[in-house]
Each structure stands twice: as structure tokens, then as C-alpha cells.
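In order, the protein sequence lines correspond to chains A and B. By numbering that gives the first Met the number 0, the letter at position 31 of the first sequence is numbered 30, and the numbering carries on one by one without gaps. By numbering that gives the first Met the number 0, the letter at position 19 of the second sequence is numbered 18, and the numbering carries on one by one without gaps.
Protein chains: 2
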Amino acid sequence: MKNQAIVEQLDHESRLQDDDHHSIRLWLRLLTCSNLIEARLRSRLREEFGITLPRFDFLAQLERAPDGLTMGELSKRMMVSGGNISGIATQLEREGLIDRTPVVGNRRMFCVRLTTEGRAQFKRMAARHEQWVVEMLGALSSRDVDNMMSGLKKVKQRLATDEG
Amino acid sequence: MKNQAIVEQLDHESRLQDDDHHSIRLWLRLLTCSNLIEARLRSRLREEFGITLPRFDFLAQLERAPDGLTMGELSKRMMVSGGNISGIATQLEREGLIDRTPVVGNRRMFCVRLTTEGRAQFKRMAARHEQWVVEMLGALSSRDVDNMMSGLKKVKQRLATDEG
């Protein structure tokens, strides 16, 4: 019931007019699903691990970059907004999940890396996060997944090559 | 080049590990596309009309609700975050694009509606917005669109019925 209500609130297609272009319908459905999944992940991470989505995302970026990232790179790579990057870094460093070391040749730049403890904690959270995503997308057949991957790939390519 | 750089920055699939589940890949691709399209719309609305995405979204919700919405309803329906709802309403009212009237029987609740001028201005912006979305999704065949609509529908239904 709670989920049903949230989906109805966030579902804007129901208010579309008949003459809206099918691209607009697809874009709103894409945005609705993306917002719904993100909201669900946000609340589960908070309930189960007491972590915010931006902090989880911050750790996820580091996990994918074994050589570490500068704060600037981290800031650009964050998938979700709402986080103050240096505030997050200060807190995660205090908790021993990341460390920051000066970049050789540029003492004002810092390279951020996961600590061993940070990597271990992230791994536990990432496993649950993956389970949730698998469940949420569980209604899709392999064929559906392939179709959507290929459609979204075309969209991404167009966005990369398009002028303006 | 600029678009290519933005897509590379925001494209997290390239950092995926081989053993990541295909659901995670699909979710990250979905999120990447959704973020990219939203960022593009945000910057075009600003350049062409000097309007923020939350303000555009606010007007779009009203356009789909000819009987008007209360501030609470508007707040729940907003598709994009980052806007201070009452700040947006105050500004749009000052510009003559919306009006606010007390709800009968509840003097502390306000019903918000587009003015004639607001409707006309929104219509012009919405037409351009639609063109941009059509262009961005223009690499998709009708079959791709159908496949994605049907996949996303399954996702939405699962999110609505799933327990927890």
C-alpha cells in the first residue's frame, strides 16, 4: 500500500495528455522509474546501514578506482546529488573508511582511497544494494534487459555525439 | 566534444567490474541516461528561457491539473528536486504566471493555478522541451520505444506491488 501510494504520487504519465509525443511519454516513464528506484535505494541504505545515498555513492566511486581519485574527480563522478563532497570526505576519513594523501608534485591536491576497513564495509553494503536492484528489476526477462540495454545504449551514444 | 566529455564523466559503466550483475549494469545505465537527459534539459531551459528546471516542472504539474493543486500536492508531484516550493510559487505569482486562492473551508490551504499568461508561456517552453526530448531520443526506432516502454512498465508495476 505504501509503495503503491508512492508510485502513484510520482507517476506523472497518468496526467499526460493524449497528444503528448511518445518521446515525452518515454522520457517521463524513464524519469519516474529512475526516481522511484533511487528513492527506494536511498531509504533502504538509511534503514539498514544508516548511510546516505551520496555517502554510499562516494564509496562506490572509490571502489571502482583502486588507484584513488582526487576530490575533483570524485565530485565529477558522483551519480547522485545532495552531498557536500568535502563534508562527506571529512566524515568518512574520521570513521576510518577512506584516507587522503597529498598528490605528489601538488601539495594542495589530495588523493582519496578506500581503507581496508572501508573496502570491507562497502562490500557488505554493495552486496545488499545489488540484491535490492535485482529484486526491483526482477520482473524483466533477459530479453527485456537486453532490449533496454540496447535502447539506452543508443540514447547514450546520441547524447555523446549530438552537437549542442 | 563537450557532450562527449560530459557523457564520459557521467558514464559509470566503464568502471563496472566484470562480475557485476546485469541488473546493476541496467540500473546504472538507466541512471546515467536519466541524469544526462535531465542535465541537458536543465541547461537548455536556462539558456533559452532563463528558467530553472524546478520552476518548469512546477508549471508542468499545474498544466496537467486544470482544477489546480494545493501546495502539498505540488510538492509531492514535483519530478525534479532542488526547488524550494514556496519560493518558486512566490516568484511565479509575482510574475503573473500563477495565482493562489484560499481553499474553500480551509483558509490556511491554497489552491494554485496557471494564469492565462502562465499557460501561454508554459506552452511555448513545453513545445521546445518536447523538441529537445524528441531529438535526444531520436536514435530509437518505434520498436525500441515500444520495448523500453514495456520494460519500464514492468519495473514500475513491480515497484508498486512489491512489499517493503
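Beta carbons: idealized from backbone N, C-alpha and C, even for Gly. Predicted model, so just to flag it, every value in this text is computed and none were measured.
Neighbourhood of residue i by C-beta distance below 8 angstroms, restricted to the same chain and skipping five residues each side
i, result
"residue 39 of chain B", "131 and 135"
"residue 96 of chain B", "58, 113, 114, 116, 117, 120 and 121"
"residue 80 of chain A", "53"
"residue 109 of chain A", "69, 70, 99, 100, 101 and 102"
"residue 37 of chain A", "52 and 79"
"residue 44 of chain A", "50, 51, 52, 55, 124 and 128"
"residue 158 of chain A", "none"
Limits of the unbroken alpha helix (DSSP H) element including residue i
i, result
"residue 127 of chain A", "115-135"
"residue 76 of chain A", "70-76"
"residue 53 of chain B", "52-62"
"residue 143 of chain B", "141-160"
"residue 94 of chain B", "Segment: none, residue 94 of chain B is in no alpha helix (DSSP H) and carries neither H nor E."
"residue 168 of chain A", "Here chain A covers residues 0 to 163 and nothing more, so residue 168 of chain A does not appear."
Residue range of the beta strand (DSSP E) that includes residue i
i, result
"residue 100 of chain B", "97-102"
Where residue i meets chain B, residues with beta-carbon distance less than 7 angstroms
i, result
"residue 156 of chain A", "138"
Buried versus exposed call for residue i [16 or more other C-beta atoms within 10 Å across all chains shown]
i, result
"residue 117 of chain B", "buried"
"residue 76 of chain A", "buried"
"residue 105 of chain B", "exposed"
"residue 31 of chain B", "buried"
"residue 165 of chain A", "Given that chain A is displayed from residue 0 to residue 163, the structure contains no residue 165 of chain A and the question cannot be resolved."
"residue 66 of chain B", "exposed"
"residue 111 of chain B", "buried"
"residue 156 of chain B", "exposed"
"residue 141 of chain B", "exposed"
"residue 22 of chain A", "buried"
Integer Cβ distance of residue i from residue j, believed to fall under 8 angstroms
i, j, result
"residue 29 of chain B", "residue 33 of chain A", "6 angstroms"
"residue 84 of chain B", "residue 54 of chain B", "Residue 84 of chain B to residue 54 of chain B, Cβ: 11 angstroms. No contact."
"residue 147 of chain A", "residue 148 of chain B", "Going by Cβ atoms, the distance from residue 147 of chain A to residue 148 of chain B rounds to 10 angstroms, so no, they are not a contact pair."
"residue 138 of chain B", "residue 144 of chain A", "Their Cβ separation, rounded to whole angstroms, is 19 angstroms, which puts residue 138 of chain B and residue 144 of chain A out of contact at 8 angstroms."
"residue 47 of chain A", "residue 127 of chain A", "6 angstroms"
Close Cβ partners of residue i (< 6 angstroms) along its chain, the five nearest in sequence each way excluded
i, result
"residue 125 of chain B", "none"
"residue 68 of chain A", "111"
"residue 41 of chain A", "52"
"residue 160 of chain B", "none"
"residue 91 of chain B", "97"
Chain-ordered neighbours of residue i on chain A, where CB pairs are closer than 9 angstroms
i, result
"residue 98 of chain B", "The contacting residues do not exist; residue 98 of chain B stays about 20 angstroms from chain A at best."
"residue 30 of chain B", "33, 36, 37, 78 and 79"
"residue 129 of chain B", "19, 20, 22 and 23"
"residue 122 of chain B", "Here the premise fails: no neighbours, minimum Cβ distance about 12 angstroms."
"residue 108 of chain B", "Within 9 angstroms Cβ-Cβ: nothing; residue 108 of chain B doesn't reach chain A, min ~18 angstroms."
Chain-ordered neighbours of residue i on chain A, where CB pairs are closer than 8 angstroms
i, result
"residue 132 of chain B", "20, 22, 23 and 26"
Listed by chain order, chain B residues near residue i by CB distance under 9 angstroms
i, result
"residue 144 of chain A", "21, 22, 24, 25 and 150"
"residue 47 of chain A", "Per Cβ cutoff of 9 angstroms: no residues; residue 47 of chain A is ~11 angstroms from chain B at best."
"residue 135 of chain A", "22, 26, 154, 157, 158 and 161"
7 angstroms CB neighbourhood of residue i in its chain, flanking five on each side removed
i, result
"residue 60 of chain B", "68, 73, 76 and 77"
"residue 0 of chain A", "Unreliable placement is indicated for residue 0 of chain A, whose pLDDT of 48 sits below 50; no coordinate value is reported for it."
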